[in-house]
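> Dropping a structure here in structure tokens format, bear with me for questions.
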Amino acid sequence: MYGALDIGGTKIAGALVDAEGRVVVRSQRPTPARESADVLMAAVTSVVDDLAAYPEWASLSCLGIGSAGPVDTVAGTVSPVNIPAWRAFPLVEQVRRHPAVPRGMKPALIGDAVAMTAAEHWTGAAKGVANALCMVVSTGVGGGLILGGSVHAGTTGNAGHIGHITVDQNGPVCPCGARGCVERYASGTAIAAHALESGWAPPGGGPATAREVEISARGGDPRALAAFDRAGRALAAAIAATSALVELDLVVVGGGVSQAGEMLFAPLRHHLKSYAVLDFTRDVPVVPAELALDAGLIGAAAAGAAATGLSRAGAYATGRTSA
Ligand SMILES: [Zn+2]
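Quick note on numbering: the UniProt record's numbering labels position 273 of the sequence shown as 273, and the sequence is numbered without any gaps.
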């Protein structure tokens, strides 16, 4: 049984996952995101308490932690943008000290987008694919890479962070400090902001969200359609660049904004035709993610298994081949 924790800005989830990548039991708490570091850690501890109360915990063989980033997998620390009290917080060590965690078991840390990538590669849309880019298009834009049949997490666990690739050198300044990042065009926040700037207003008078823009776009509103076209174009440029760099076999797109379906995928594929023009980059398939809700947990389990040298999930995430 693989243990998994998934730390996000809105919820802290935990699960026990079997060797086939199926969630067997789970627990979840809201993230006290504005509270102190200790209160946050207490919520994580409660989730571990819940999991440890299940009889399946007795056969725990590894533990993986997926967290909103940035993460530092070398130091075992997390600094989630949406959880201000945690900066270089030693999450791995804190979880390791939980009395229910078996002595000698060191939790493995992975960023949330890399976790989603590991999950899609283990049991989802990228299963069996040697070279893939998996993207999470949500309030931000993240991603991860499969290279040579394994998750490529990079030295500190942040490789594949496609949201902060520059697609317009003269574009708007991004909170990361660079200019014209993909995230400034393709995140849900950016889609809603661009629609508002062009004179669109949410049809119900509620908050301006990408979902509201999508509803207007389905009704034919040209400002809403333009916001999705702009997002799809930025994603296409980043995908074409990545494909030229590492020769992709598949692109998987998940996250809340991808739920807009063809509203996002159609302009993405359309613009990809004009950016991915080399023989080896042309016609790379772009498909939706398959593991919407549990990807973070399944990916964390894969990371735990990888660090412990277990199973095919381990082979995927570390590059080791199964014996
Ligand atoms: Zn940026």
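In this text, a Cβ means the ideal position worked out from N, Cα and C, and glycines have one as well.
(1) When burial is assigned at 16 or more other CB atoms within 10 Å of the CB, is Asp-6 buried or exposed?
(2) Please list, in chain order, all residues of the same chain as Lys-11 whose beta carbon is under 8 angstroms from its beta carbon, the five residues on each side excluded.
(3) CB Ala-13 to CB Gly-254, shorter than 8 angstroms?
(4) When the Cβ atoms of the stretch 89 to 104 are set against those of the stretch 43 to 52, are three or more pairs found closer than 8 angstroms?
(5) May I ask you to report which of helix, strand or coil DSSP gives Gly-64?
(6) Taking buried to mean at least 16 other C-beta atoms within 10 Å of its own C-beta, is Arg-87 buried or exposed?
(7) Suppose you measure from the CA of Tyr-316 to the CA of Gly-205; what does that come to, to the nearest Å?
(8) For Ala-303, count the other beta carbons within 10 Å of its own beta carbon; 16 or more makes it buried, fewer makes it exposed. Which is it?
(9) Taking the C-alpha atoms as reference points, what is the distance between Leu-272 and Thr-281?
(10) Counting only runs of 3+ residues fully inside the stretch 107 to 178, write out the beta strand (DSSP E) ranges in chain order.
(11) Is the closest heavy atom of ligand 1 to the C-beta of Ala-178 under 7 angstroms?
(12) Please name the residue, chosen from Thr-156, Gly-21, Cys-181, Asn-158, that lies closest to Asp-168 on a Cα-to-Cα basis.
(13) Under the assumption that Val-39 contacts Ile-65 (Cβ atoms under 8 angstroms), give the Cβ distance between them as a whole number of angstroms.
(14) DSSP three-state label for Gly-319, please.
(15) Using CA coordinates, which residue listed in Pro-80, Ile-298, Ala-238, Leu-51 is at the minimum distance from Val-286?
(16) Give me, in chain order, the residues of the same chain whose beta-carbon lies closer than 8 angstroms to that of Gly-21; leave out the 5 immediate sequence neighbours on both sides.
(17) Below 7 angstroms, is the gap between the Cβ of Glu-183 and the nearest heavy atom of ligand 1?
(18) For Leu-250, is the classification buried or exposed, using 16 other Cβ atoms within 10 angstroms of its Cβ as the cut-off for buried?
(19) Where does Thr-77 fall in DSSP's three states?
(20) Is there at least one non-hydrogen atom of ligand 1 closer than 7 angstroms to the beta-carbon of Cys-174?
(21) For the stretch 148 to 157 against the stretch 66 to 78, are there 3 or more C-beta pairs whose distance is under 8 angstroms?
(22) On the DSSP bridge list, what partners appear for Phe-89?
Well, looking at it:
(1) buried
(2) Gln-28, Arg-29, Pro-30, Thr-31
(3) Taking 8 angstroms as the Cβ cut-off, Ala-13 and Gly-254 do not qualify as a contacting pair.
(4) yes
(5) strand
(6) Counting every other CB atom within 10 Å of its CB across the protein chains shown gives Arg-87 a total below 16, marking it as exposed.
(7) The predicted position of Tyr-316 is uncertain, since its pLDDT is 47 and thus under 50; a value taken from the coordinates is nonetheless stated next. Annotation: Tyr-316 to Gly-205 spans about 47 angstroms, alpha carbon to alpha carbon.
(8) When all chains shown are included, Ala-303 counts as buried.
(9) Their Cα atoms are separated by approximately 10 angstroms.
(10) Within the stretch 107 to 178, the complete beta strand (DSSP E) segments at least 3 residues long are 108 to 111, 132 to 137, 141 to 147, 150 to 152, listed from N- to C-terminus.
(11) Within the cutoff, so yes.
(12) Cys-181
(13) With 8 angstroms as the limit, Val-39 and Ile-65 do not qualify as a contact, their Cβ atoms being about 18 angstroms apart.
(14) With a pLDDT of 40 at Gly-319, under the threshold of 50, the predicted position of this residue should be treated as unreliable, though the coordinate-derived value follows. In the three-state reduction of the DSSP assignment, Gly-319 falls in the coil class.
(15) If you compare the alpha carbons of Pro-80, Ile-298, Ala-238, Leu-51 with that of Val-286, the shortest gap goes to Ala-238.
(16) Ala-119, Trp-122, Thr-123, Ile-298, Ala-301, Ala-302, Ala-313
(17) Residue side-chain check: Glu-183 places its Cβ nearer than 7 angstroms to a non-hydrogen atom of ligand 1.
(18) buried
(19) strand
(20) yes
(21) yes
(22) Val-78
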